[in-house]
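Engineer: Before we start, here is the structure in question, set down as structure tokens.
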Amino acid sequence: MGIHFGVDYYPEHWPRERWETDARLMKEMGLSVVRMAEFSWHKLEPQEGRYDFSWLDDAIALLGSCGIRTIVGTPTAAPPAWMANRYPEILPVDREGRTRGFGGRHHDCQSNPVYREFVRKIVTAMAIHYKDNPNVIGWQPDNELGNSHHDLCMCSSCRKSFQGWLEKKYGTVDRLNEAWGTAFWSQEYNEFSEVFTPKITVTGENPSAMLDWKCFCSDLIVDFMKEQTEIIRRYCPNHFITHNYMGFADKVNYYDLGKQLDFVSHDQYPGGFFADASHERGDMTASALDVVRSFKKQNFWIMEQQSGITGWEVMGRAPAQGQLSMWSLQSVAHGADAVVYFRWRVCAMGTEQFWHGILPHSGNPGSRYHELKEMIRNVSPLMERLEGSMPVPEVGIVYSFRQNYALQIQPQNRAMSYIEQIQEYYRAFYERQIPVDFVPEDGDFGNYKLLAAPLQYLMNPELEERYFNYVRNGGHLILTMRTGVKNDTNLCMTDRELPGRLSELTGSEVLDYDCLRDVKVPVICQNTEYTARNWCDLMRVREGVEVLAVYAGEFYAGEPCVTRNNYGKGCCYYVGTEPDQALMAALVGCMADAAGITELGSAEEGVELAAREKDGKRWLFAINHTAGERTYTVDSAYRMIYGGEAGNAEGV
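According to full-length UniProt numbering, the stretch in the sequence shown is residues 1 to 652, in order.
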């Protein structure tokens, strides 16, 4: 495509006399694409049914004359005031029954038929208007779907939609009652029309109902996207459609959403959103990039790459000199084929007055502009060669939205988080310079020598069989505490000890467990003492199972903590606790070695190695996240093509 760097541009925020200067500066910087209009509903439809695309036409044409193409955002993230006043039923209702007001963004109910009709009309009008515009190349429907939605709307329209969703899923109300365990606290329903949305109760919640509600909300967002993409594809078959994801954000199942898109995009802000947030660790930003790539298992775009200080009411840290370039290249290293910066110029109005962009409030090019301009000049030729290449990991981490939802509903230990546990396993591989993919529960496990599946809390026979087949055929599987606790509808398993049928894989049974709260328990592994946190499973292991670590405290001192069981051609590890960072590193090191995992190299702390491959070629990235010089070593010879002296990278 030849488009690799761009920016999010809001011409409607600035006088027309400024637009030409902006276009010239973008061209001089080496930018070739902009995203526009995703929050501009009033400008595009100032009154009901009266569309005015002239200002956007002019901006697209001006930028096009400078060789800059446009991604059009549909403006459905910001319904206008005239709509909220004339049709107040479009406004969302929260869990406490309060109608949320106009004045922010996404003040909408995505199940409301009036709102959906307005969405269909404006998306259709825009698609027809821009279908033959040579400067428009693609679309971003809405913006960051799932963001700003909290637990989504609970109005009468959502209640009716939820009831219909449940009837389609369960068929009969008797099956619903059984799936939800409604015999508890006299919660049985006689018909689907009696089901409520999960507003604030007097005390307690039904965890099965809450799980279905979260899944319904995700499906509603996917359907909202699907309606827009179908319209755009009908009129603009040659334009791509993407959407800006947010890493591990979880209100919508990104695997499902991605089925509506040509490729996914990501909003990457490593600099922290809040006053007390420092820059995120390199593994945190890397994990977000890898999970986004994994949602469609293909190259992606960055649609919002941080280009300055972040901040709404309070601000994050200022990027250090060179850090914007480093973050950009980190995105590329993990599979991004294009990087679009947010935003062009800091806005002088509204909530995001302090969410900084490439240009400051003054509009004069400064250090951020010149740093990125130099980086783009140097990296653009490399981007042409990299296009279509991908990381090729040997390690997969199973990532499930449903598991996350269930553990949000009942975390059991307030300090235990599904996503944080996923990221802790990722961090251990990252620090050993081992690339990682994230894998859905119905993904191809066979692509990976080693598969980590933390907190497999919800279990069903199909998923069990997939794990059995993976290990039987030679895979190395990591399972952890809180595996097989519940069935697919969030009811506790009762037919055997945990982890249920998977005990045949683990070679162990969990007879009891200890929720540690603030207590930490010592663990001995390879004659070294480490720490167990948050949870300890108390296991009975079968003969022949290798015990890799034991508890060294509490009333279960000497009992197994981590085990390995050979099964078929492979093996299954069971980690009965949440390891501290040091224990996690030790365990992952042993497991990776046993699986024959190849590291990209070795490096001092703060250096990240990442690679992309295509047609037998590998491009290795060495990324320094620190302020000083660092060294790294790789086992193969590479030719230095950017960022260092020409020659071999070996031993640099």
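The beta-carbon is built from N, C-alpha and C at its ideal position, and this holds for glycine as well.
#1: Among R402, S111, M326, which has the Cα closest to the Cα of G606?
#2: Grab me the residues of Y269's own chain with a C-beta within less than 6 Å of its C-beta, minus the 5 sequence neighbours each way, in chain order.
#3: Would you report the Cα separation of T483 and F240, rounded to the nearest angstrom?
#4: With the cut-off set at 8 Å, would you say S389 and R612 are in Cβ contact?
#5: Which whole-angstrom value is the C-beta distance of T429 and G475, which I expect to be below 8 Å?
#6: Keeping to the same chain, check which residues put their C-beta closer than 6 Å to that of R630; ignore five residues upstream and five downstream.
#7: In angstroms with no decimal places, state the Cα-to-Cα distance between L458 and A586.
#8: Quick check: A453 and I478, are their CB atoms within less than 8 Å of each other?
#9: Quick one: give me the first and last residue of the alpha helix (DSSP H) that K259 is part of.
#10: In the region 35-98, which residue ranges form an unbroken beta strand (DSSP E) of at least 3 residues, counting only runs that do not cross its ends?
#11: Apart from the five residues on each side of it in sequence, which residues of its chain come closer than 8 Å, Cβ to Cβ, to T201?
#12: What do you get for R542, buried or exposed, if any count of 16 or more other CB atoms within 10 angstroms of its CB means buried?
#13: Give the secondary structure of E604 by DSSP, where H, G and I count as helix, E and B as strand, and everything else as coil.
#14: Could you pull out every residue in the same chain whose Cβ sits closer than 6 Å to the Cβ of V119, ignoring the five residues on either side in sequence?
#15: Is the CB-CB distance between Y405 and C215 below 8 Å?
#16: The alpha helix (DSSP H) that contains P461, what's its start and end?
#17: Return the Cβ separation of N143 and M246 in integer angstroms, given the expectation that the two are a contact with Cβ distance under 8 Å.
#18: Taking the Cβ atom as the reference point for each residue, do A521 and Y551 lie within a distance shorter than 8 Å?
#19: Would you tell me roughly how many angstroms separate the C-alpha atoms of R16 and D22, rounded to the nearest one?
#20: Can you tell me whether D52 is buried or exposed, with buried defined as 16 or more other CB within 10 angstroms of its CB?
#21: Do you know how far the Cα of C155 is from the Cα of R345?
#22: What do you reckon, are the CB atoms on residue 729 and N460 nearer than 8 Å?
#23: State the start and end residues of the unbroken alpha helix (DSSP H) segment that holds W14.
#24: Between I122 and L44, which are expected to be in contact by the criterion C-beta below 8 Å, what is the C-beta distance as a whole number of angstroms?
#25: Let me check one thing: in DSSP terms, what residues is C515 bridge-paired to?
#26: For the ligand ADP, any of its heavy atoms closer than 7 Å to the Cβ of P113?
#27: Rounded to whole angstroms, what's the CA-CA distance from A37 to S65? Just pull it up for me.
#28: Which class does E509 belong to by DSSP, given the choice of helix, strand or coil?
#29: So what does DSSP say about W139, is it helix, strand or coil?
#30: Which residue comes first and which comes last in the beta strand (DSSP E) that contains A622?
#31: Return the first residue and the last residue of the beta strand (DSSP E) that L548 is part of.
#32: Helix, strand or coil for R234 per DSSP?
#33: Measure the C-alpha to C-alpha separation of K373 and G181 and round it to an integer number of angstroms.
#34: Helix, strand or coil, according to DSSP, for F192 in the structure here?
#35: Can you give me the Cβ contacts of P113 inside the same chain, cut-off strictly under 8 Å, excluding the 5 residues immediately before and after it?
#36: Please return the same chain residues whose Cβ sits closer than 6 Å to the Cβ of residue 659, not counting the five positions on each side in sequence.
Structural biologist: Straight from the coordinates:
#1: One-based indexing of the sequence shown puts residue 606 at position 606. Among R402, S111, M326, the Cα nearest to that of G606 is on M326.
#2: The residue labelled residue 269 in the question sits at position 269 within the sequence shown. Result list for Y269: Q306, T310, in chain order.
#3: For the purposes of this step, residue 483 is taken as residue 483 along the sequence shown, with counting starting at 1. For the purposes of this step, residue 240 is taken as residue 240 along the sequence shown, with counting starting at 1. Answer to the nearest angstrom: the Cα atoms are 40 Å apart.
#4: Taking the sequence shown and counting its residues from 1, one reaches residue 389 at position 389. Taking the sequence shown and counting its residues from 1, one reaches residue 612 at position 612. Yes, the Cβ-Cβ distance between S389 and R612 is below 8 Å.
#5: If you number the sequence shown from 1, residue 429 lands on position 429. If you number the sequence shown from 1, residue 475 lands on position 475. One detail in the question is off: residue 429 reads as Phe in this sequence, not Thr. Actually they do not touch by this definition, with Cβ atoms about 16 Å apart.
#6: Position 630 of the sequence shown, counted from the first residue, corresponds to residue 630. So the qualifying residues of the chain are E604, G606, V607, N624.
#7: Along the sequence shown, read from residue 1 onward, the residue named residue 458 stands at position 458. Along the sequence shown, read from residue 1 onward, the residue named residue 586 stands at position 586. If you take the alpha carbons of L458 and A586, they lie about 28 Å apart.
#8: The residue you call residue 453 lines up with position 453 of the sequence shown. The residue you call residue 478 lines up with position 478 of the sequence shown. Yes.
#9: Indexing the sequence shown from 1 puts residue 259 at position 259. That residue, K259, is in no alpha helix (DSSP H); it is neither H nor E in DSSP.
#10: 69-73
#11: For the purposes of this step, residue 201 is taken as the residue at position 201 of the sequence shown. Excluding residues within five positions, none has a Cβ falling inside 8 Å.
#12: For the purposes of this step, residue 542 is identified with residue 542 of the sequence shown, where counting begins at 1. Per the 10 Å Cβ criterion, exposed.
#13: Along the sequence shown, one-based indexing puts residue 604 at 604. Here E604 sits in coil by DSSP.
#14: Here residue 119 corresponds to residue number 119 of the sequence shown, with the count starting at 1. Excluding sequence neighbours, V119 sits near T76.
#15: Walking along the sequence shown from the start, residue 405 turns up at place 405. Walking along the sequence shown from the start, residue 215 turns up at place 215. Contact flag set, yes.
#16: Numbered from its first residue, the sequence shown carries residue 461 at position 461. Counting along the chain, the alpha helix (DSSP H) containing P461 begins and ends at 461-472.
#17: Here residue 143 refers to the residue found at position 143 of the sequence shown. Here residue 246 refers to the residue found at position 246 of the sequence shown. Not a contact, Cβ separation roughly 10 Å.
#18: As a working note, residue 521 is residue 521 in the sequence shown. As a working note, residue 551 is residue 551 in the sequence shown. For the sequence presented, residue 521 should be read as Val rather than Ala. Yes; because the gap between Cβ atoms is below 8 Å, this pair is in contact.
#19: Taking the first residue of the sequence shown as position 1, residue 16 is located at position 16. Taking the first residue of the sequence shown as position 1, residue 22 is located at position 22. Distance between the alpha carbons of R16 and D22: 10 Å.
#20: Along the sequence shown, read from residue 1 onward, the residue named residue 52 stands at position 52. So D52 counts as exposed.
#21: Here the question's residue 345 lines up with position 345 in the sequence shown. Here the question's residue 155 lines up with position 155 in the sequence shown. Rounded to whole angstroms, R345 to C155 spans 38 Å at the Cα level.
#22: It is not possible to answer for residue 729, since the shown part of the chain is limited to 1 through 652.
#23: Walking along the sequence shown from the start, residue 14 turns up at place 14. No alpha helix (DSSP H) contains W14, which DSSP labels as neither H nor E.
#24: One-based indexing of the sequence shown puts residue 122 at position 122. One-based indexing of the sequence shown puts residue 44 at position 44. Right, their Cβ atoms sit about 7 Å apart.
#25: Here residue 515 is taken as the residue at index 515 of the sequence shown, counted from 1. C515 pairs with W535.
#26: Questions concerning the ligand ADP fall outside what the structure shown contains, since it holds no ligand whatsoever.
#27: On the sequence shown, position 37 is the one that residue 37 refers to. On the sequence shown, position 65 is the one that residue 65 refers to. Answer to the nearest angstrom: the Cα atoms are 19 Å apart.
#28: The count along the sequence shown starts at 1 and reaches residue 509 at position 509. It is a strand residue.
#29: As a working mapping, residue 139 is identified with position 139 in the sequence shown. Strand, per DSSP.
#30: In the sequence shown, residue 622 corresponds to position 622, counting from 1. Counting along the chain, the beta strand (DSSP E) containing A622 begins and ends at 617-624.
#31: Here residue 548 corresponds to residue number 548 of the sequence shown, with the count starting at 1. That run of the beta strand (DSSP E) goes 546-551.
#32: Counting from one through the sequence shown, the residue named residue 234 turns up at place 234. Looking at R234 - three-state DSSP - the assignment turns out to be helix.
#33: The sequence position of residue 373 within the sequence shown is 373, counting from 1. The sequence position of residue 181 within the sequence shown is 181, counting from 1. Going by the C-alpha atoms only, they are around 60 Å apart.
#34: Numbered from 1 along the sequence shown, position 192 holds the residue referred to as residue 192. Looking at F192 - three-state DSSP - the assignment turns out to be helix.
#35: What you label residue 113 is simply residue 113 of the sequence shown in a count that begins at 1. Within the same chain, P113 has close Cβ partners S157.
#36: No statement about residue 659 is possible, as the shown extent of the chain runs from 1 to 652 and does not include it.
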